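A short write-up of the structure that comes next.
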Amino acid sequence: RQKNQKFVYDFTEGNKDLKDLLGGKGANLAEMTNLGLPVPPGFTITTEACKVYLDTGAEPAALRDEVSAHLDALEQRMGKKLGQADDPLLVSVRSGAKFSMPGMMDTVLNIGLSDASVAGLAAQAGNERFAWDSYRRLVQMFGKTVLGVDGDLFEDALEEAKRAKGADSDLGLDAADLKQLVDDFKAIVAKETGRDFPQEPREQMDLAVRAVFDSWNTERAKLYRRQERIPGDLGTAVNICSMVFGNLGPDSGTGVAFTRDPASGHQGTYGDYLQNAQGEDVVAGIRNTVPLADLEGIDKTSYDALLAIMETLETHYRDLCDIEFTIERGKLWMLQTRVGKRTAAAAFRIATQLVDQGLITEAEALQRVNGAQLAQLMFPRFDDSATSAASGVRRIGWGIAASPGAAVGKAVFDSYTAVKWSRSGEKVILIRRETNPDDLNGMIAAEGILTSRGGKTSHAAVVARGMGKTCVCGAEELEVDTKRRRLTAPGGVVIEEGDLISIDGSSGKVYVGEVPVVPSPVVEYFEGRMHAGADEADELVQAVHRIMAYADRVRRLRVRANADNAEDASRARRFGAQGIGLCRTEHMFLGERRELVERLILADTDTEREEALGALLPLQKADFIELFEAMDGLPVTVRLLDPPLHEFLPDITELSVRVALAESRKDANENDLRLLQAVHKLHEQNPMLGLRGVRLGLVVPGLFAMQVRAIAEAAAHRRSVKGDPRAEVMIPLVGTVQELEIVREEADRVIAEVEAATGTELKLAIGTMIELPRAALTAGQIAEAAEFFSFGTNDLTQTVWGFSRDDVEASFFTAYLEKGIFGVSPFETIDRDGVGALVRSACQAGRATRPGLKLGVCGEHGGDPESVHFFHEVGLDYVSCSPFRIPVARLEAGRAAA
Ligand code: ADP
Ligand code: MG
Ligand code: MG
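Offset between the sequence shown (1-based) and the UniProt record's numbering: plus 3.
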């Protein structure tokens, strides 16, 4: 760590690009200050100081003096000292990490107030109630977040005071009530912590700073970071900001605003405002807010000033911004801004709107959306026409559409139950009056979240949008009783824990029962079933259409589909697939054909075997003809049989029982006995490392030859009817070039035979999968015999890590994820350092041997956004993924190239 490192920056010293050092909040406060916007003066303690504290358990030595110097300057500027008895300077101590973590970290307002200065504040403001209200908020926030006192104790005391007074909100309490409440709160602090509430202003500030540092490592902060994949070692900055007061009376207030609707992307004035309140009241949903538009009637000057600032910010940040502001006696103050979170639909619409406004380029528009958002838009939605018809379904409420999607599940009323039930495979909807950070676990576990209080900027709404979870909030006519675990709707409908409930995060509607779902308009569009119109869904489809066009224009990676039949192939083609990267032939061996496979496996003589193969040939050929027709003109990579043969035979236990029973009845059937023998012979302890892939081709005579013949004859047939088949033959599980050479020789011979017999030149490419470490390590040799490589990253991940992909998810992955060994399963996102390194070197070695070698990937990773970027980087020609992931892969390939 360098000497003379600067740990404190005045708001005038920073800027928006210093988020690593100043955190998002601090960097943007500095940016707004430098834009000349009205930001209360203050300074930021850097994340570096936090890191020192987290590493060593103590603040860096230089920090105290540096803070003192900045505090002196602030006091000079404001003309009063922190906590000065006759006219106290008050500050907020606010956390602010690089990434926004809503509600995760703690902020304390009104620092500097004490028994000595509360009267001074009252006198200066000419408002005694205000001073005591500020003081009781300080003791409450400080007590909870800095001293660790259970927040409910304060809440209960506040509720009790309101009840005693017959007040329905905190506004009903007067100065004397609040003064009494301060005494009660201080007594709670003394009782719970064994010490008095600290009266010394600087001590309050220092303790609050330390509490912010500490809050980085609370369990809920850690959980949120894991969920959002935010590194654990970034630390948080701390902002010290002079207070402005929204709780001075009806000419004051506080609010939040978005420059555009974060749900739809529509421009306008979106937000919530609360008169005579301090900041956290809005988010906490303590009193009901009014829509921002109402501010025009309450205080037109401030409203106009706010709109002008929103315009400035949007143009400056060239994106949707969200804003926190406070009005103190008719004067507007900006307290926070950041590029705002938005729903997936809004992301697409805003990106194209900004292109149209000339604020961003098409390449930038691509960076404003992502594949995960596109995937979310492809989820099905509720079928409104069916909601009345479906049995037992009834609309019971209508709240705020806070985060889109259609969620159905069993009602649960607390986080613990949500987690427990979802672990046992149930889908649940978490129902709360309002959520707070302690509900995070439950929110992650639930399909959707329903609250009866709070607006679009409530905790539930913000966090759910961030997670891409369906959320309806503020459904006020629903009465949530968490103690008795039930929800009561108007008309006396009661929903108990475990009852089915459906919530529509796009419309805000809440239903009892299970509502049927319909495909999303985006899927309808990809399917070619969406026609021009002017409604809401259409605006979204237009935006998706344009973004996909940008992506297709710039991407280098081609996108193919994993598809085994003509129907999937056709859908894939509609979704933009440029061929099939993986046709698994094993699916063609199931169903009624299983019997033929059994015959093949049981064959004792060549004749028997040839008969079985002869029966399979025309069936395979017919499959391929259909597939080549659906993908006419585009490459189709057919993988020869891959899974262990025993997968085609009956289950060993079932068959043993059947045979044993038959034997006891003395009527054992000859065929079953032979079958059982074969099952025993083929049984393997470790089938995934056993007789499968190219090994089958080498030990089961005629199997691969039959498959190659079916492919070749199907291609010849398509040619004969003027089609354009582009088949490629792919050999799975090769570990050494010798295996490939033997199989290849036979395949070449069969192809030549078919070419001669049909008089057509087929030009079938033969290549291999690279899915074993040895294949990757000897890729240079293997390329001698392969015209293409397709990385099978599922098996490659399995064999490189030594993880059984069928077992690990259920056994120890949760522990690994919890311990942070990896942030995401390597089966989901490619492990760049291990598996990825092998892919990279195999590409280089393969191309060194054979410069034109075609390279692709056909594991699950082919449709995973993060992995697609990696495959672009290492220079693959294409990725192949399931038909539904194709748009996502196209988009991400475009984003990688833009
Ligand atoms: P969060 O990250 O949870 O939004 P903030 O630091 O923004 O926490 O503060 C919580 C609330 O207190 C916000 O509504 C904010 O606007 C308000 N607030 C913070 N600092 C001040 C201040 N100096 N004066 C008035 N209100 C403030
Ligand atoms: Mg804030
Ligand atoms: Mg494989």
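All C-beta atoms in this analysis are idealised placements derived from N, C-alpha and C, irrespective of residue type, glycine included.
All values reported here derive from a predicted model rather than from experimental measurement.
Collapsed DSSP secondary structure at residue i in the structure displayed
i	result
Trp401	strand
Asn242	strand
Glu482	strand
Lys684	helix
Gly445	helix
Gln202	coil
Gln545	helix
Cys53	helix
Ile785	helix
Asn37	helix
Asp502	coil
Phe794	strand
Phe806	coil
Ser573	helix
Leu676	helix
Ile824	coil
Tyr12	strand
Val518	coil
Lys28	helix
Contact with chain D by residue i, beta-carbon distance below 8 Å
i	result
Ser870	Checking the listed chains, one finds no chain D in this structure; it contains a single protein chain.
Buried versus exposed, by CB contacts within 10 Å (16 or more), residue i
i	result
Ile498	buried
Asn7	exposed
Phe815	exposed
Gln370	exposed
Arg435	buried
Pro43	buried
Thr15	exposed
Ala760	exposed
Gly855	exposed
Gly494	exposed
Arg166	exposed
His462	buried
Leu678	buried
Gly146	buried
Glu764	exposed
Extent of the continuous alpha helix (DSSP H) to which residue i belongs
i	result
Gly374	Gly374 to Leu380
Pro524	Pro524 to Phe529
Leu856	Element bounds for Leu856: n/a, residue is neither H nor E.
Gly123	Val121 to Ala128
Leu648	It is not in any alpha helix (DSSP H) - Leu648 carries neither H nor E in the DSSP assignment.
Start and end residues, beta strand (DSSP E) containing residue i
i	result
Glu731	Arg729 to Ile734
Thr47	Gly45 to Ile48
Met81	No beta strand (DSSP E) contains Met81, which is instead part of the alpha helix (DSSP H) from Leu66 to Met81.
residue 938	The chain is shown from 4 up to 901; residue 938 falls before or after that span and cannot be answered.
Cβ pair count under 8 Å reaching 3, the region 866-874 against the region 892-901
Cβ pair count under 8 Å is three or more, so yes.
Check whether the region 341-356 touches the region 846-865, taking contact to mean three or more Cβ pairs, one atom from each stretch, closer than 8 Å.
Touching, no, given that fewer than three Cβ pairs across the two stretches are closer than 8 Å.
Sequence ranges, alpha helix (DSSP H) only - wholly within the region 324-359, length at least 4
Runs of the alpha helix (DSSP H) inside the region 324-359: 347-359.
Would you check if there are 3 or more beta carbon pairs closer than 8 Å linking the region 240-258 to the region 132-139?
A contact exists between the region 240-258 and the region 132-139.
Sufficient close CB pairs (3 or more, under 8 Å) joining the region 22-37 to the region 72-80
Touching, no.
Which residue spans inside the region 249-309 form an unbroken alpha helix (DSSP H) run of at least 4?
Within the region 249-309, the complete alpha helix (DSSP H) runs of at least 4 residues are 283-287 and 298-301.
Meets three-Cβ-pair contact criterion under 8 Å: the region 343-352 and the region 255-269
The region 343-352 vs the region 255-269: in contact.
Pick out the complete alpha helix (DSSP H) segments inside the region 833-900, 4 residues or longer, and give them in chain order.
Entirely contained in the region 833-900, the alpha helix (DSSP H) runs reaching 4 residues are, in chain order, 840-852, 868-876 and 889-900.
At least 3 beta-carbon pairs within less than 8 Å: the region 779-799 vs the region 855-862
Touching, yes, given that three or more Cβ pairs across the two stretches are closer than 8 Å.
Touch check for the region 581-599 and the region 630-642: three-plus C-beta pairs under 8 Å?
Contact holds: three or more Cβ-Cβ distances are below 8 Å.
Quick one: any contact between the region 212-228 and the region 293-310, if contact means 3 or more CB pairs under 8 Å?
With a cut-off of 8 Å on Cβ pairs, the region 212-228 is not in contact with the region 293-310, counting fewer than three such pairs.
Within the region 562-639, note down every full beta strand (DSSP E) run reaching 3 residues or more, in order along the chain.
583-587, all fully within the region 562-639.
Answer yes if the region 885-894 comes into contact with the region 554-570, meaning at least three C-beta pairs across the two stretches below 8 Å, and no otherwise.
Under the Cβ criterion (8 Å, minimum of three pairs), the region 554-570 counts as touching the region 885-894.
Does the contact criterion of 3 or more C-beta pairs under 8 Å hold for the region 826-836 versus the region 797-807?
The region 826-836, when compared against the region 797-807, does touch it at the 8 Å Cβ threshold.
Touch test, the region 606-624 against the region 645-665, Cβ-Cβ under 8 Å, three pairs minimum
Contact between the region 606-624 and the region 645-665 is absent, because fewer than three Cβ pairs lie under 8 Å.
Say whether the region 765-783 touches the region 739-752, bearing in mind that this needs 3 or more beta-carbon pairs closer than 8 Å, one atom from each stretch.
Touching, yes.
How about the region 39-54 and the region 115-122: do they share at least three Cβ pairs that are nearer than 8 Å?
Touching, no, given that fewer than three Cβ pairs across the two stretches are closer than 8 Å.
How do the region 81-96 and the region 179-188 stand: do at least 3 beta-carbon pairs fall below 8 Å, yes or no?
The answer is no - the region 179-188 does not touch the region 81-96, with fewer than three Cβ pairs under 8 Å.
The region 185-197 in contact with the region 138-152 per 3-pair CB rule at 8 Å:
These segments touch.
Check whether the region 683-700 and the region 639-658 touch, using three or more Cβ-Cβ pairs below 8 Å as the test.
Touching, per the Cβ criterion.
Is there contact here, the region 595-610 with the region 546-557, by at least three beta-carbon pairs under 8 Å?
In short, these stretches do not touch, since the Cβ pair count stays below three.
Using 8 Å as the threshold, is the region 515-528 in touch with the region 365-385, meaning 3 or more CB pairs across them?
Touching, per the Cβ criterion.
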